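Shown next, in C-alpha cells, is the structure this report addresses.
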Amino acid sequence: MKPKTLNDVIDVFDVYNVNMITGLVMGNLREDRRILEAFVDCTEASIPVGEIAEMLRKIPGVFTVECVGATENYVVCKLHYPPKVLGEEAVVFRMECLKSWFTRIWKVFGSGAAQIFYEAGLESGREAAKYFREKLGLTSEVLADFLAGIASSLGWGKIVDLSVNPERREARVKIENLFECMLAGRVGEPRGFFFRGHVLGMARELFGTEALTVEETKCIARGDPYCEFQVKPL
Ligand SMILES: [Zn+2]
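Numbers 748 to 981, taken from my numbering, label the letters of the sequence shown in order.
See below:
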C-alpha cells in the first residue's frame, strides 16, 4: 500500500467530518495489499455513511470497503477473524475468562493443577523454540530474546531482564505481571507453573540437553515485585 492511499483515506474522513477514533494497518511483507481498519464516529458526518464508503471505494489503490455499523450500545468488528501472530492463526482470551479457567482447574485438581500447567508449559516452550529455530535459524541467545519478545507482546507478562549462557547452560528470566501469578493473587507461594515449564522446555531446546532444572526464585504471588526463573544444569 502506498502512503498516498492511506493519506487519501484520511482526507475523505477529514472532508466529510468523520471522527476517526482508532486506526490499524495490517499486512505482511509478502503481500502488497494491506487491511486498514478504522473505528470512526459518523455522528457529525456531512454525508450518509454509505456515501462515505463510496468515496473511499473511488480512491486509487483501494480494492474494497466494508462497513460494520454500530448497534445501540456497542460495536463489534467482525472483520478480524482469524487474529494472527507472526502471520499464523492465534486465539486470544480475556483475563477474566482465563481466571475462571484457572480457578476451575485448581478447584477440581487441587495440587495436581500445578502439574497440568507445568506440563502444558513444558511442551509449548519446547515446540516454540524448535519451531522458530527452524524457521528463523537464530543462535540460542538471539532466539531466547526473540521468544521473550513474543511472550511480552502476547501479554503473558513484561520481561524486564533476560540472561542466557549456553556454555554454562544457565538462564535467568525476570518477568513483571506474569499472568498466571496475577490470577493466583497473594497465595504466599510461587504460582508460575505454566511459565516455569515453558522456560524449561525452551531451555532444553536452546541448550540441546534434557539435563536442566528450573526454579521460580521470586514470585509476585508471594509478594516479590516480579517473578524470576532460573535455569541450571542438573
Ligand atoms: Zn510467579
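Note that the Cβ used here is the ideal one computed from N, Cα and C, for glycine as well. All values derive from a computational prediction rather than experimental measurement.
Proximal residues to residue i (C-beta, below 6 Å), its chain only, five neighbours per side dropped
i	result
F864	F940 and F941
V759	M802 and L803
R781	M748, V772 and G774
First through last residue of the beta strand (DSSP E) which encompasses residue i
i	result
I782	I782 to D788
V920	E917 to E923
Test item: CB-CB of residue i and residue j under 9 Å
i	j	result
A898	G948	no
P913	S871	no
N820	D788	no
G709	E866	The shown model of the chain, from 748 to 981, leaves out residue 709, and the question about it has no answer.
L930	L845	yes
E957	K965	no
G904	E881	no
A895	G935	no
V815	V809	no
C-alpha distance - residue i paired with residue j, whole-angstrom precision
i	j	result
E801	D779	23 Å
G859	A785	45 Å
M842	F926	8 Å
R916	F856	33 Å
P807	V961	56 Å
P891	V772	One detail in the question is off: residue 891 reads as Ala in this sequence, not Pro. Looking at the two C-alpha atoms, the distance is approximately 28 Å.
A792	Y763	6 Å
A950	V812	46 Å
P972	M748	44 Å
Proximal residues to residue i (C-beta, below 7 Å), its chain only, five neighbours per side dropped
i	result
S910	A918 and R919
W853	A860
Per-residue DSSP class, three states only, for residue i
i	result
K905	strand
V759	helix
E791	coil
P750	helix
L776	coil
S899	helix
S858	coil
F840	coil
T964	strand
is_contact[residue i, chain D] using C-beta, thresh 9 Å
i	result
D908	This model lacks chain D altogether; it includes just one protein chain.
Close-in-space but distant-in-sequence residues of the same chain around residue i (CB under 8 Å, 5 per side omitted)
i	result
V839	P830
A861	F940
E836	P829 and P830
E952	G872, R873, A876, K877 and R880
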